[in-house]
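In the working numbering, the protein residues as written are 1049 to 1764.
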């Protein structure tokens, strides 16, 4: 009996699945989480240790000023000197300036330490089932502490076991819960090959695997993560070092300038017979307002926060240099499969032959794919369901035999009540039709060739000895990729797609995705050659990879992001590890790197600009009596009818503003300047307009308000 495939009833749609996994949070979501703030306040006082502050030359000068004025204040209290209240306030605010800078750094470190605490909780003491020394008998085991394992040891892990150390799967396949490391509840599959790497502290959920340990105690991935996220081993980047040297040089220049003011002011006071030389308290206030304390206090926090923002995206940066280099990347190499495309070919179209109804073709294609568990087979079933309303087919009560795909036949399908339905490669189905006594329509070759030239994969569908049409499979470009590449292009970044496909297919996908260039039939040697070619042209290159064959290119690239699911060789070669194993994350990493550089540049511009305003507030107040000509720059004026009350209140207000602005800018330093793709000249104009002009204008009203509050509170 031959069955018309259109007569097979359509079953009701299955109910929707329950909600998916929720991703646990390792680090606090709130910028000013109370536990972090409490810890940061305590850390701010601990960081007053001169050995720590000495790493920051600007803050070290401020702390030395605070120590000197504190000593002189104690002396003045015993001798009954004048202006004790003023001197006390200057001293207190000098210490506050250092404390606020320490607080900014501690806040930046706080989120990383919260992450480290969560990682420590996941690093449990456990025992390991170590295979005896020769390893020939995989059933001969001994129980040892995880801390006793050494590189090269073989351990057995079964369902429910905690993997005792970093390693590679050399036998078996298992589902592993990596939520302790990645924060993602969905389990992953680990097996021999490119998905063999496992991390200590993760848990096996099913089956049995044999793991070769790849690290000694204290060298495990989770140990390195703890050290990195805490910032304990954070080294300053070249850009940060250069800026520190600039700030140190500026501080030395102003220190010498302030020191030389003492003899000049003393001579001028005697010659004019008016006024008196400035005190150490006034000179300390002047120096602190002249040197770039704002960026000096926030510089470390900006760098730490940049690494933290990368970590919030579940990317572990091995150094701040890697994050900074990401901000300067010129060329981005991206794998096609899984990065630009979804990773599996999907059915996008049914193309019937003349005289065949498209519904008949869709029905036959779906029936031939019901037992096909490949992503391609499932996509055929879904396309027929969504486009033609053909939901799950009710096959109970029918004589059904599913025909699996084999490398010999290159076809699969189903025999249903005597009706033979097949789908497969064009030449395989044509040969099948001829053997069945049928004919091959002339239009079939045209359809198959057209799909192949467009970069797709044609699957021919036949029923008995008659061809019905072709299923068009293609690599599906992920949604929004063209827009993302447009954003990268606006940043001046060239995108290159890496694929093993032939040039014709690669060109088609590259055009659809909107990349600038592509490398087809890529080999490890070809990737290396491309990276070196770009670097010889003075460009910085970033790429992603997960396999051992990607390791040389990851090591050669300026920014190499290895997938956590990849091999140990790939993770060792890269300078970043993506814990989510999402290759498109490289785009976010580049944006975070650029945001880090923009934040540092913006706050440096603001710091220098508001120092200029403080000059006009504090210098006339200190020296106008001795040098009357300074009245020309006394914009705010002092005394009755002026904007500011007295010279003393003006100096004190400037010092207080100098300290408070550090606290005010902490959220910006931690979150980063809002990033928009734009060229270097546009960024410079934006910085000068917002942070340059804004930095000049903000101090004047702020100092006026502080001055009024000081007078109101009778503190000046």
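Idealized CB from N, CA, C, for every residue including glycine. A quick note: this is a predicted structure, and the numbers were derived from the prediction, not measured.
Relative to the C-alpha of residue 1121, which candidate in 1328, 1191, 1300, 1085 has its C-alpha closest? 1328
Report all residues from its chain with a CB closer than 6 Å to the CB of residue 1468; omit the five preceding and five following residues, and keep chain order. 1512
Distance between beta carbons of residue 1341 and residue 1106, contact taken as under 8 Å: With 8 Å as the limit, residue 1106 and residue 1341 qualify as a contact, their Cβ atoms being about 6 Å apart.
Judging by CA-CA distance, which residue of 1140, 1751, 1662, 1383 is the nearest neighbour of residue 1598? 1383
Once you ignore the five residues that flank residue 1366 on each side, which residues in its own chain have a CB closer than 6 Å to its CB? Within the same chain, 1623 come within 6 Å of residue 1366 by CB-CB distance, once the 5 residues on both sides are set aside.
Is residue 1417 closer than 8 Å to residue 1471 when the C-beta atoms are compared? yes
Whole-angstrom distance between residue 1640 and residue 1305, CA atom to CA atom: 39 Å
What residues are listed by DSSP as bridge partners for residue 1665? None, per the DSSP bridge assignment.
Simplified DSSP state of residue 1394, which is helix, strand or coil: Correct three-state label for residue 1394: strand.
Host beta strand (DSSP E) of residue 1217 (start-end): 1215–1225
Pairs of beta-carbons, one from the region 1706–1720 and one from the region 1131–1151, closer than 8 Å: are there three or more? yes
Tell me the DSSP bridge mates of residue 1450? 1462
Distance between residue 1657 and residue 1330 (C-alpha atoms, nearest Å): Rounded to the nearest angstrom, the two C-alpha atoms are 22 Å apart.
Can you look up residue 1551 in the DSSP assignment and give me helix, strand or coil? helix
Give the range of the beta strand (DSSP E) segment to which residue 1565 is assigned. 1565–1567
Contacts around residue 1611, its chain only, beta-carbon distance under 6 Å, and the 5 residues preceding and following it disregarded: 1594, 1626, 1629
Rounded C-alpha distance that separates residue 1507 from residue 1198: 51 Å
Endpoints, the alpha helix (DSSP H) within which residue 1098 is located: Annotation for residue 1098: the continuous alpha helix (DSSP H) segment containing it runs 1098–1101.
Could you name the residues of the same chain whose beta carbon sits closer than 8 Å to that of residue 1649, not counting the 5 residues immediately before and after it, in chain order? The beta carbon of residue 1649 sits closer than 8 Å to the beta carbons of 1731, 1735 from its chain, once the five residues preceding and following it are set aside; these are given in chain order.
Please look up how many angstroms separate the CB atoms of residue 1566 and residue 1558, rounded, as I've assumed it's under 8 Å. Yes, residue 1566 and residue 1558 are in contact; Cβ-Cβ is about 4 Å, under 8 Å.
With DSSP as the reference, label residue 1310 as helix, strand or coil. helix
Determine, using beta-carbon pairs with one atom in the region 1235–1255 and one in the region 1206–1214, whether at least three such pairs fall under 8 Å. As far as the Cβ criterion goes, the region 1235–1255 touches the region 1206–1214, which means the pair count is three or higher.
Nearest-angstrom Cα separation, counted from residue 1633 out to residue 1410: Going from the Cα of residue 1410 to the Cα of residue 1633 covers about 37 Å.
Rounded straight-line distance, which links the Cα of residue 1740 to that of residue 1093: 32 Å
Let me check understanding here. Comparing Cα to Cα, which of 1457, 1547, 1554 lies closest to residue 1500? 1554
Residue 1202: first and last residue of the uninterrupted beta strand (DSSP E) it sits in: 1202–1206
Would you mind reading off the limits of the beta strand (DSSP E) that contains residue 1542? 1542–1546
To the nearest angstrom, report how far apart residue 1347 and residue 1541 are at their CA atoms. Roughly 27 Å separates the two Cα atoms.
Going by DSSP, what residues sit across from residue 1694 in a beta bridge? None; residue 1694 has no bridge partner.
Closer than 7 Å: residue 1096 CB and nearest the ligand SAH heavy atom: By its list of ligands, the structure shown contains no ligand whatsoever, and the ligand SAH lies outside what it can speak to.
Where does residue 1434 sit, in a helix, a strand or coil, going by DSSP? helix
With DSSP run on the structure shown, which of helix, strand or coil describes residue 1737? Per DSSP, reduced to three states, the secondary structure at residue 1737 is helical.
Quick one: any contact between the region 1128–1136 and the region 1190–1197, if contact means 3 or more CB pairs under 8 Å? Contact between the region 1128–1136 and the region 1190–1197 is absent, because fewer than three Cβ pairs lie under 8 Å.
Based on the DSSP secondary-structure assignment, which residues constitute the bridge partners of residue 1258? 1204, 1219
In whole angstroms, give me the CA-to-CA distance for residue 1065 and residue 1235. Residue confidence is low: residue 1065 scores 35 on pLDDT, short of 50, so the model does not pin down where it sits. No coordinate-derived value is stated.
Ordered list of alpha helix (DSSP H) runs contained in the region 1709–1738, each at least 4 residues: Taking 4 residues as the minimum length, the alpha helix (DSSP H) runs contained wholly in the region 1709–1738 are 1728–1734, in order along the chain.
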